[in-house]
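In terms of this note's numbering, the sequence shown opens at residue 101 and continues consecutively. Please read the structure below before turning to the comments.
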Amino acid sequence: MNLKNVVKSLINKRYFRFFQKINMYRVTYNAFRYDALRYISHSNSFLKFDTEDKLLGQIIAEYHAIEKGICMPQRRMGFGKQVINNLLDHCMIYLNRYPLYHDQIKHAVAVILEYQRIHHGVGFKLDDDLEEKMSQLKRQINSAPARQVTSTKEAFFSERYSSFDKFSESRHSVRNFTSEPVSLEKIKQSVSLARNSPSSCNRQPSKVYIVQNEQLRRQVLELQNGNRGFGHLATTVLVVTENLSYFLSINERNEAYINGGMFAMNLLYALHFNEIGACPLNWCAEKQNDISLRKLLDIPDNEIIIMLIACGQVPDTFMLASSPRKSVDEIIRIYGE
């Protein structure tokens, strides 16, 4: 091959790589735009409550916030005033629109009545407008107060060696911990078990940051919006991440979250097996909080943060949110013969 052909070949390769890169940017933009438009159209980001599912999702989130408040180790009377007010309003809107109400609405009302029962039980006066809304709601739905679950340490871990159905049903999020530190060895054993989680093409992109230093732990939890009232009791915080460098194309743009979710669930089961109380904490963080956590723990830019897990030793007696699940028939669609 003469010099002219060599130069021509190099130029062609350079142009090819350039246009290949431009095309990848275009494909990537279109893929994320496709995802973004669906999320904007169908999520409740704008709080329009224009569909039953959007309203129901908000109601479930609100009643669960009240459930968590009821179960806090140091319950504060009058807690969640704005949340309970919003929950009452949203329940009334739902019942006015959808007379054939969902079972989750009945539980939402039961949680509201439990909130009322607890406050009345200690002589705490709720605002008159809240009492009036509660009376209106009771006239529409006949429900008993939703008592939260009281457990003992022994009972909570009693199904460790049982069949998977019993073991799985025994695991719950714990929001009450003692000051006794969690064994690092047990954490490592739990992470070791979590490795059995499936990962795409066995690439194993998961990583766990174990935070036991008190000051660092406090700083990490301050960046996560969802541990108020119990986060300070956790003696260990785990940060689960996924390495984006393991993924190959734009078609795998969601694989890190899928792999990370499976790994995190397996880790939660492993923690329960090793008798460690745990509460998954979402990482629904704004940009600045994400940057701050990366700096704090030296998390490289090629890793995405999936979630946090608050861990600790459980006390002899503690409360758990009842958190009823939807029925199986609600979440399956069968394509038979």
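Note that the Cβ used here is the ideal one computed from N, Cα and C, for glycine as well. Keep in mind the model is a prediction, meaning the values are calculated, not measured.
Secondary structure at Thr-128: helix, using DSSP grouped into helix, strand and coil.
The segment 159-209 is shown to contain whole alpha helix (DSSP H) runs of 4 or more residues at 181-197, in chain order.
If one requires a minimum length of 4 residues, no alpha helix (DSSP H) run lies completely within the segment 332-362.
The alpha-carbon of Leu-200 is positioned some 15 Å away from that of Thr-151. For the options Lys-238, Gly-221, Gly-361 and Glu-355, the alpha carbon positioned closest to that of Cys-301 is the one of Glu-355. In the displayed model, Glu-403 falls within a strand according to three-state DSSP. Sorting Ser-251, Arg-114 and Ile-350 by C-alpha distance to the C-alpha of Ser-422 places Ser-251 at the top. In this structure, Ala-378 lies near Leu-371, with their beta-carbon atoms less than 7 Å apart.
A distance below 7 Å separates the beta carbons of Ala-246 and Glu-214. For Val-320, the enclosing alpha helix (DSSP H) stretches over residues 314-322. The criterion of a C-beta distance shorter than 7 Å is satisfied by Ser-299 and Asn-359.
Nearest C-alpha to Ile-350 among Asn-112, Glu-269 and Arg-133: Arg-133. Cβ-Cβ separation between Ile-399 and Ile-391: approximately 10 Å, too far for a contact (criterion under 8 Å).
Scanning Phe-257, Glu-342, Leu-188 and Glu-162 for the CA closest to the CA of Asp-229 turns up Leu-188.
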